[in-house]
Structure formats: C-alpha cells, structure tokens
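Undergrad: I'd like to ask some things about the structure below.
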Amino acid sequence: MDPVNEVSPAKTALAEARTDFAEDRTILAHERSFASWMRTGMASVGIGLGFNALFPTLDPTWVAKAIASLFLAIAVVIFLSAEQRARTILDKVEAHQIAVIKPIRIRLLAWPFVTATVALTGALWWLVPT
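In my numbering, the protein residues as written are 97 to 226.
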C-alpha cells in the first residue's frame, strides 16, 4: 500500500465521529422542521376558524364555509406531509448520541390533528347554521 495515500486510524476515527455528529444534527433539525410544519398546519386551522367571524356578514354563507374548508384542507395536507417527511428522514438516518423520537410517535402526534381538523370541517358544514 502507498504510504502517502494511507490514512491513519486516528484520522479515520475522527472523521467517523464528525459524520456521526452531523447525522445527529440532521435528525434534530428534522424534528424541529416537523414541529414547524405542525405549527403551520395549526395556523391554517386558525385561519379557517377565523372565517367563522365572517359567516354572519357574508351572503351566501356557503362562500365563507368553503373558504374556511379550503384552509382546513390545507392544514390536513400539511399535517400528513409533515408526518410522512419526518418518518422518511428518521428511517434513513441513524442516531448515534441522541434520543430520537420514534416514527410511531410522529404518527401519533400527526393523526389526531388530522382527525380533529376533519371533524372540525364536518362540524362547520353540519352544525353551523346557514
């Protein structure tokens, strides 16, 4: 083997440690991104609910309900895509020195938001008077 191209074991170990730390930082960044997307979805739900204040003033009322439903549908898409992206990344990257949230917990966080948003959309159409 060529001594010029040979890498010392200490340098190899240091490079592996740096790679491990980079993978851990990537996992933590994606967990923060998941939380950000969930907050964005909740903001979309809030905007949809905000149209509730417009229901008495808009005529016909189905227009305001349709706009609110659009924002609620956007929230559902955001929740589902956040869950999918987070699980995909966690499946691809290996944690080394950090505790990682389990993919099932990601799902258990996202799906109640989806369920509640769909239920809210149903309540908007069937329980709010026209």
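All C-beta atoms, glycine included, are put in the ideal place defined by N, C-alpha and C.
On a CA-only basis, which of E112, H126, A106 and P208 is nearest T184? Give me that one, please.
TA: For the residues E112, H126, A106 and P208, the minimum Cα distance to T184 belongs to H126.
Undergrad: Output the boundary residues of the alpha helix (DSSP H) element that contains Q180.
TA: T157 to K188 is the span of the alpha helix (DSSP H), which, as asked, contains Q180.
Undergrad: Is it buried or exposed for E179, if we count other Cβ within 10 angstroms and need 16 for buried?
TA: It counts as buried.
Undergrad: Keeping to the same chain, check which residues put their C-beta closer than 6 angstroms to that of I82; ignore five residues upstream and five downstream.
TA: For residue 82 there is no data in the structure shown, the boundaries of the chain being 97 and 226.
Undergrad: What separation, rounded to the nearest whole angstrom, lies between the Cα atoms of P105 and E119?
TA: When rounded, the distance between both Cα atoms is 21 angstroms.
Undergrad: Please determine, among D187, A191 and A131, the residue with the shortest C-alpha to C-alpha distance to R114.
TA: R114 has its Cα closest to that of A191, out of D187, A191 and A131.
Undergrad: Going by the beta-carbon positions, is the gap between I197 and G137 smaller than 7 angstroms?
TA: Their beta carbons are not under 7 angstroms apart, which means I197 does not touch G137 by this criterion.
Undergrad: Alpha carbon to alpha carbon, how far is V214 from D155? Give it in angstroms, no decimals.
TA: When rounded, the distance between both Cα atoms is 24 angstroms.
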